[in-house]
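As you go down the protein sequences, you meet chains A and B in turn. Quick note on this note's numbering: the first sequence kicks off at 1 and runs consecutively. Quick note on this note's numbering: the second sequence kicks off at 1001 and runs consecutively. Here a beta-carbon is modelled for each residue, glycine too, at the ideal position from N, C-alpha and C. Note that the coordinates shown come from a computational prediction; the quantities given were computed from them, not determined experimentally. Taking it in order: structure first as structure tokens, then the write-up.
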Amino acid sequence: MSKPELMKRRTDSIDRFNAQEKKLEEESKSKKYQLETKAVNDQMELERHQRKTIKHSMKAQLETAKDDLFKDLEEVNQADAKLLGSKKEAEKVFKAAEKRVQDYGESNLTRQRAEYDQTRSEDIFGADDVANHNEVPFKKYEAHEEIGQC
Amino acid sequence: MKHIDIFTSDVLLKINASSIKYFLAIDFLYEIDHRSGKNKFQLLDDRLEVLIAKKVPGKWLTLEV
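Written out as structure tokens, the structure is:
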């Protein structure tokens, strides 16, 4: 092989080497871009999944709270129904309670008045009691006279 | 420290040690695998050992063009 042919062979080999290097560099850039894009997409997908999970969790919590609330309400309604039976029963109970209160008030007033009358008739001296007492000397004082010590 | 510049392409090996004014170029008759991980260039006390993989395994009748 002549020297020019040999030099051309070397030059062609170096050109092929440079072309390969350029191609590899472009592939590396492309691969890097693909990896970065994939990383961004994966991150977005992860955040989307997290948002979805949080949304479902909140919805589940809301449903649980509503179920608990309705359950409590149902228990209260059952207790009311058990206690009162029906509306008529409720009115009956209410009227009976009202009558008991009224009776208690009247009886209490009657009792208080009777106690007062009893106390007054037994313990308090009236004017007649004093005036009709014959055994103890009794002196009447005028308004301008000093009563003195008893 | 000796500075030795080594270049390999598909049919070429160039070694240039400018500090000692040494240059070597080998034009291989067949292609080599110049990107192989098995290629090794080791500088010892008095020599440079070069190990280059062939592109296609087989026996070469001659090294250079």
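From the options, residue whose alpha carbon lies closest to that of residue i
i	options	result
F1023 (chain B)	B:E1031, B:K1014, B:Y1030	B:K1014
L1061 (chain B)	B:K1021, B:D1046, B:T1008, B:Y1030	B:Y1030
K1002 (chain B)	B:D1045, B:S1036, B:P1057	B:D1045
Distance between residue j and residue i (C-alpha atoms, nearest Å)
i	j	result
F17 (chain A)	D1010 (chain B)	7 angstroms
T62 (chain A)	K22 (chain A)	Reading the sequence as shown, one finds Leu at residue 62 (chain A) and not Thr. Going by the C-alpha atoms only, they are around 59 angstroms apart.
D67 (chain A)	K32 (chain A)	52 angstroms
I1020 (chain B)	N1039 (chain B)	24 angstroms
K71 (chain A)	D103 (chain A)	40 angstroms
E91 (chain A)	E75 (chain A)	22 angstroms
D1005 (chain B)	L1048 (chain B)	12 angstroms
L84 (chain A)	L69 (chain A)	22 angstroms
According to DSSP, residues forming a beta bridge with residue i
i	result
N1016 (chain B)	B:D1005, B:F1023
I1052 (chain B)	Beta-bridge pairing links I1052 (chain B) to no other residue.
I14 (chain A)	None, per the DSSP bridge assignment.
D1010 (chain B)	Paired residue(s): none; D1010 (chain B) is not in a bridge.
K1040 (chain B)	B:L1051
I1032 (chain B)	B:K1054
E1064 (chain B)	B:F1028
Contact check, residue i vs residue j, beta carbons under 8 angstroms
i	j	result
D1027 (chain B)	E1064 (chain B)	yes
A1025 (chain B)	L1043 (chain B)	no
A1066 (chain B)	S1036 (chain B)	The structure shown does not extend to residue 1066 (chain B), since chain B is modelled only from 1001 to 1065, so the question has no answer here.
At a Cβ cut of 7 angstroms, what residues of the stretch 1005-1032 of chain B count as close to chain A, listed as they run along the chain? S1009, D1010, V1011, L1012, D1027
Name the residues in the stretch 8-37 of chain A whose C-beta lies less than 7 angstroms from a C-beta of chain B; which are they? R9, R10, S13, I14, R16, F17
Counting only Cβ-Cβ distances shorter than 7 angstroms, please list the residues of the stretch 1047-1065 of chain B near chain A, keeping chain order. V1065
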